[in-house]
Each structure stands twice: as structure tokens, then as C-alpha cells.
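Here the structure is laid out as C-alpha cells; the discussion comes afterwards.
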Amino acid sequence: KDGGREVPRAERVPDHVVNVPLDPGSDRDRFRSAFNQALPTLERFAPDIIFLSAGFDAHAQDPLGGSSNHGLQLVEDDFFWITQTLSSLAHSLCNGRVISVLEGGYDPAV
Numbered sequence: 001k002d003g004g005r006e007v008p009r010a011e012r013v014p015d016h017v018v019n020v021p022l023d024p025g026s027d028r029d030r031f032r033s034a035f036n037q038a039l040p041t042l043e044r045f046a047p048d049i050i051f052l053s054a055g056f057d058a059h060a061q062d063p064l065g066g067s068s069n070h071g072l073q074l075v076e077d078d079f080f081w082i083t084q085t086l087s088s089l090a091h092s093l094c095n096g097r098v099i100s101v102l103e104g105g106y107d108p109a110v
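Quick look at the structure:
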């Protein structure tokens, strides 16, 4: 649905795919809840490596993805929490193998 929360759905979504829609302007508690909701699937999938792509346009102060456009309201501590959580999982699931890249974010101050 254009501009809404609906995403195209295949008739059969693989068991290791988790889609958790977030409303525009979702706060950090809602984001963390959605993130935690996906973790059991990640644990069952038991990856050989975890790829982490951190888009800082989810930061509350980002001019394109942040509060000015009803984006996510994440702060620095949230990005640290995500990284720490996935790093810990990587140690238990895939011998600590993580590839992490930074992307997004349109405010040099953030």
C-alpha cells in the first residue's frame, strides 16, 4: 500500500524471514520490541555469519529519516544496543563472525 505499512507478500515467506512493520515515528521502545521479536528466528536459523548494516538515517535527529519525517526515533544508545546484542549473538551462534558496515545518515553532527 503506497505510503502505508503494508508490504508486498509472497504466497510463501521462508521461515527465516521476519517482517515487523513499524509505524512512522515509532519510538525506541517499539523498535527494540520489534528487534527482540525477530531474535528467536535468528537463533533458530543459526547463521554462519551475521551481516550488520547500520543505517543512521533512523536517528531521531536525522533530517531525512528522523523526527522531521516521522521516521524512527533512535538515539546513539540504541545503535550501541543493537551492535552489542548482535555481537553477543554472533559469539554464541557463529564463532563471533560479524561484518558490520555503516550507511545512511544525512546529518554530519549525528
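Numbering of the sequence shown is given in full-length UniProt numbering, commencing with residue 1 and proceeding in unit increments.
For each residue, glycine too, the CB sits at the ideal point set by N, CA and C.
It should be emphasised that the depicted structure is a prediction, and the values quoted were computed from it without experimental measurement.
Query: Check whether A54 and L72 have beta carbons under 7 Å apart; Result: no
Query: Where S53 sits in the DSSP three-state scheme; Result: strand
Query: Own chain partners of L86 with C-beta closer than 6 Å, once the 5 adjacent residues on each side are dropped; Result: I50, L52
Query: Beta-carbon contacts of I99 that lie in its chain and below 8 Å, excluding the five residues immediately before and after; Result: I49, I50, F51, L52
Query: Enclosing alpha helix (DSSP H) for L74 [first to last residue]; Result: Where L74 is concerned, there is no enclosing alpha helix (DSSP H), given that its DSSP letter is neither H nor E.
Query: Expected contact under 8 Å - CB spacing of D62 and D107 to nearest Å; Result: 5 Å
Query: Where E43 falls: helix, strand or coil (DSSP); Result: helix
Query: Closest residue to W81 among N36, R97, R12 (Cα-Cα distance); Result: N36
Query: Neighbour-count burial assignment, L74, 16 or more Cβ in a 10 Å radius; Result: buried
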